[in-house]
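Heads up: the structure comes next, in structure tokens.
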Amino acid sequence: MTKSKTWRELAKAKPAIFTIAPHMPFLDTLAHGVYEDAGHDPLKLSAITIILPTRRACRSLRESFLRLSKGKPLLLPRLMPLNDLDEEEMLLSSFRFAESIKNIPPPIAPLRRQLLLARLIQARGDPSTEHALRLAEELGKLLDQVQTEQLSLDNLADLVPEDYAVHWQITLKFLGILMDSWPKILKAENTIDAADHRNQVFSAQSQIWAAGAANGPVIAAGSTGSIPVTAKLLDVIANMDKGAVVLPGLDQSLNQNDWKAIDESHPQYGFKQLLQRFKVYPHDVLEWPGKPKYTNRRSRARFLTEVMRPASTTHAWQSIDGVKLSSIKGIARINCPAPREEAEVISLIMREALTVGDRTCALVTPDRTLAERVSMELNRWNIDIDDSAGRPLHKTPPGAFLRLVAVMVAENFAPVPTLAACKHPLAAGGLDIVKFRNLTRLAEIKILRGPRPPAGLTELSIKAKELEGDTHNIESWIKHLKKCCEKFTTLMAQDSVAILDLLNAHMSAAEALATTKNTAGPLRLWAESEGEEASKFIAELAQHCDVLLDIPPLDYPAVFDVLMSSRVVRPSFGKHPRLHILGPLEARLQRFDVLILAGLNEGTWPNEAEAGPWMSRPMRRKFGLPSPERRIGLAAHDITQALCGPRVVLTRSVKVNGTPTVPSRWLMRLERAVEAAGLSKAFKKEAGDWLSWASKLTQPDSYQSISPPAPRPPIKVRPRRLSVTEVETWMRDPYSIYAKHILKLRRIDSLDQEVNAADYGSLVHDALRRFIAAHPCGLLPDDALSRLMRIGDDVFKHKSLPPSVLAFWAPRFERIAAWFVRTEDLRRQKLDYSFVEIMGEITLQGPAGAFILTGKADRIDRSTDDRISIIDYKTGTPPGSAEVVAGFSPQLPLEAAIMVAGGFARISWSGAFETLSFLQLHGRDEGGKEFIINGDANTLAAEARTGLAELVKQFDDPSTAYEARPNPTYAPIFSDYGHLARVKEWATGEDE
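Here the sequence shown is numbered in this note's numbering, starting from 933 and rising by one per residue.
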């Protein structure tokens, strides 16, 4: 049997270019070929240098070698990541390299570059610092693209502005920053851009290796050579005496016509460009000699060639034949209704993978939101998964706390940001954590809820002192908060401050607020990997922020957010060893037993092929930048490689945020090719029942309808005193009376509560009360309207209404006042005296004892002939006369009953009624309207008292329950306790 040649023997022919077919495990195959060539000689193996695209690929190749040696100690080759080629490693391997790069300036720190570019942008115009920083980030990306493609910034001048629309002319002038000012700044800084630095380092290494000064064999594997300087390095390695380039998944089955038809969006386009540089044809590329044990999926690879064939040749799908069922065996496509269901399906597949031996599974997606959803779903099984993208620093506890503290002080301790910061787990204010949390909750209830209080801790302290009872605890909380943030607060009051001063004050405030009774704030704030990363960011920002001009302090939180947004925390341990979440770049060259490709919608994967904010497509082409479609071609290659895995699941959401989505072009290609091959039925079976199983994660085995709550508390705790307005609630929704008077529950005000219709009603009531109290009898003065308007202005002013609200309410009140004075003149012709907001009560005897009914009438008028009119003001819609007569709205009849019984002690009368009426003060058209209740007032009063006595009797029976909405037809429209009664869980559509 003839022994097959090793890679060294095959590489003698130059250029030495190999490929590993997509259906073969790339790193295992690479390791097998290198290991067999070394003849198990550890010294021979260690002399080899292998360059891979990423650090993750280096780690995986190391594991492949260990599997080959069956865990025995091994001197591995030198593994170097191409994406961030380490100068130190190169220096150790070559003295000549050290000499060649000693004159290359160091790369500028990314943060410093962003700050310097932002300063230049501000000098060109007057954007806010936040906006300038965001523009600087985008400008930096363009700068990286230009230098990656090894283009000259001077070529920007060749893009003649007059050739383009006005906005492009403005943009091109703006890009003059890169031509004029930026090179000068880099020279002054004695640095260069990171992309330029990489280019120069790679070029230096290429020159050394081209001169034959390599220390041992060099293999560059897994790169597509999409970056020019990388392609040059690969060219040099391929032509070295002991060099070889190994391409991942070069498709050698394409015929000459198909190869020529390849465009930028095709997965093989990068190789087409690279091989043209090498001046070789696909059939000249050698097959890598490594042959590890693997399941042959050659038919899958051939089928994917058809799936991804150039667009101009897809007519060939009409004659697809000979496609084996094995081509699609192991590929499942699952269409999910929405991202939530997609995350559930993915998490279930990943969990299932753990039930089989040492099976590995990875989710690959560019959709960060979906990745976070899956990570959260896996928490149901206590699985902490490795996410290659890490966690954004601003979403970690220390990052979020720092942001909250900045916003709290910048907004002068407004309720929402203050509570957000003070309720954060790191907040303690120098006290015991539990005590500080309790004080924060107390302050929330007492002074922070309701309408926004005046700004500042001093004003909060004044408000606290106005409270009834002991306010020492709240004042102590304010004192501690003020002590922590005093310096930061002082700076916020200034017009312009240096960022470094704000940063130092910010950190002092955060550390002081994080301090507990027993632990210093820095020990808590900067702890663990998240705290360490936050500390590094703050230190770097402090080092470079002198670059920026002074800023308005109120802009500081936004500036801080922008600068922190790009930082990521990657925990180095504690993650699951068999489950992973990867981005498309990190997943390259990796092989897993189960691979889930998710988020396969147009606009997500692949991303939109956008030209970017700085240049149009024609401008990019003229300047020399690659078209946006090239990124799609690279992504297509990633997809093709991944689809050759043992088991692949493809998922997408049919709708995202309620909007229908378009399946990824690769999914549609796959589906069309499967259909053309006559395998649609088999392909659908591969999807299985994952959607159905995932739905059962949150779906109960059965549904049990629940009944409305019907508590039956002991008689001794049932209320013996209610107001006339509460009697109506008692009839319509007894549960609300139970919650309010027996459970003693009260609705708390909202944070930053805005004024509403109830506030408007209270203001109108107050203005009319003061006006009538000032003129209780006799004719109104000639200037009555102006007096009422002055009272209204005073009432509205005291409420400190927002101008936008006042603009609507003031005209309404003006119309109300005019109507009120006009009708009041008529009323005054027979008026003896008006009593306003007068209290009254009566006592009824029930089976369980006395029951007291109380009432406060808006207004009771006594006429000159000793007849009584009871009036109630309504700024909303008053109840109809029929509801009042039927007893469902008994407020006025009950007030009449109190009147009949002499419950309004201040009023003497003969016993005759004039009217019971509502004054609707809506402020539209005429301004108001009077609704007089039909029927005899004495009769209505007697019926109301009898009805109340019957109600008292019923609820004095221990078996009578406080039901929720016993009669849905007359249920209250609004209730503070509906959520406690869980109305939406048991109410039917008819009830609603």
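We treat Cβ as the ideally placed atom computed from N, Cα and C, and that holds for glycine.
Because the structure is a prediction, the values reported are computed rather than measured.
Would residue i and residue j be called neighbours here (beta carbons separated by less than 8 Å)?
i, j, result
"L1717", "A1742", "no"
"V1161", "I1033", "no"
"M1496", "L1325", "yes"
"L903", "P1214", "No statement about residue 903 is possible, as the shown extent of the chain runs from 933 to 1924 and does not include it."
"L1007", "L984", "no"
"Q1054", "G1072", "no"
"A1466", "P1349", "no"
In chain order, what residues of the same chain have a beta carbon less than 7 Å from the beta carbon of residue i, not counting five sequence neighbours either side?
i, result
"R1241", "D1190, A1248"
"Q1082", "N1131, P1160, V1161"
"S936", "P1221"
"N1267", "R1584, V1586"
Distance cutoff 8 Å, beta carbons only. Does residue i sit that close to anything in chain D?
i, result
"G1565", "No chain D is present in this structure, which holds just one protein chain."
Determine the direct distance from the alpha carbon of residue j to that of residue i, and round the result to whole angstroms.
i, j, result
"E1219", "L962", "11 Å"
"I1151", "A1176", "5 Å"
"L1085", "P1454", "45 Å"
"A1359", "G1835", "55 Å"
"I890", "S1849", "The structure shown does not extend to residue 890, since the chain is modelled only from 933 through 1924, so no value can be given for it."
"R1056", "D1433", "25 Å"
"Q1636", "R1914", "14 Å"
"D960", "M1600", "31 Å"
"P1271", "H1356", "29 Å"
"R1563", "A1441", "45 Å"
"L1023", "I1036", "Because L1023 sits at a pLDDT of 49, beneath the cut-off of 50, its placement in the model cannot be relied upon, and the following sentence gives the value as read from the coordinates. Cα to Cα, L1023 sits roughly 14 Å from I1036."
"A1474", "V1491", "13 Å"
"E1922", "Y1909", "Here the model assigns E1922 a pLDDT of 44, short of 50, so the residue's position is not dependable, and the following value carries that caveat. Approximately 20 Å between the Cα atoms of the pair."
"P1641", "H1404", "40 Å"
"L1110", "S1138", "28 Å"
"R1384", "A1346", "7 Å"
"V1277", "S1258", "24 Å"
"I1169", "M1012", "14 Å"
"S1627", "T1583", "15 Å"
"L1785", "R1791", "18 Å"
"D1793", "V1884", "30 Å"
Where does residue i land, buried or exposed, given buried means 16+ other C-beta within 10 angstroms?
i, result
"F1555", "buried"
"E1858", "exposed"
"Y1894", "buried"
"I1431", "buried"
"R1553", "exposed"
"D1318", "buried"
"V1288", "exposed"
"L1695", "buried"
"A1568", "buried"
Taking the alpha carbon of residue i as the point to measure from, which residue in the options has its own alpha carbon closest?
i, options, result
"N1038", "L1052, E1756, K1119, T986", "For the record, residue 1038 in the displayed sequence is Pro; it is not Asn. The option with the nearest alpha carbon to P1038 is K1119."
"V881", "D1570, P1538, N1533, L1611", "Outside the displayed span of the chain (933 to 1924) sits residue 881, for which this structure offers no information."
"K1788", "T1796, K1806, V1768", "V1768"
"I952", "P1224, A1089, A1342", "P1224"
"P1009", "A1903, R1265, L998", "L998"
"K1916", "A1444, S1639, L1872", "S1639"
"S1244", "K1192, R1604, I1260", "K1192"
"G1515", "A1294, D1725, R1722, L1712", "A1294"
"E1846", "L1824, G1860, Q1852", "L1824"
Once you ignore the five residues that flank residue i on each side, which residues in its own chain have a CB closer than 6 Å to its CB?
i, result
"R988", "E1518"
"H1911", "none"
"G965", "W939, W1220, P1221, G1222"
"T1448", "A1360, I1365"
"L1166", "A1152, G1157, V1177"
"E941", "none"
In chain order, what residues of the same chain have a beta carbon less than 8 Å from the beta carbon of residue i, not counting five sequence neighbours either side?
i, result
"I1410", "A1375, L1389, L1392, S1393, A1396"
"P1651", "I1669, H1673, I1674"
"N1311", "none"
"R1051", "A1064, V1479, L1480, L1481"
"K1419", "A1437, S1440, A1441"
"P1822", "V1656, V1659, E1660, M1663, V1816, A1876, G1879, L1880"
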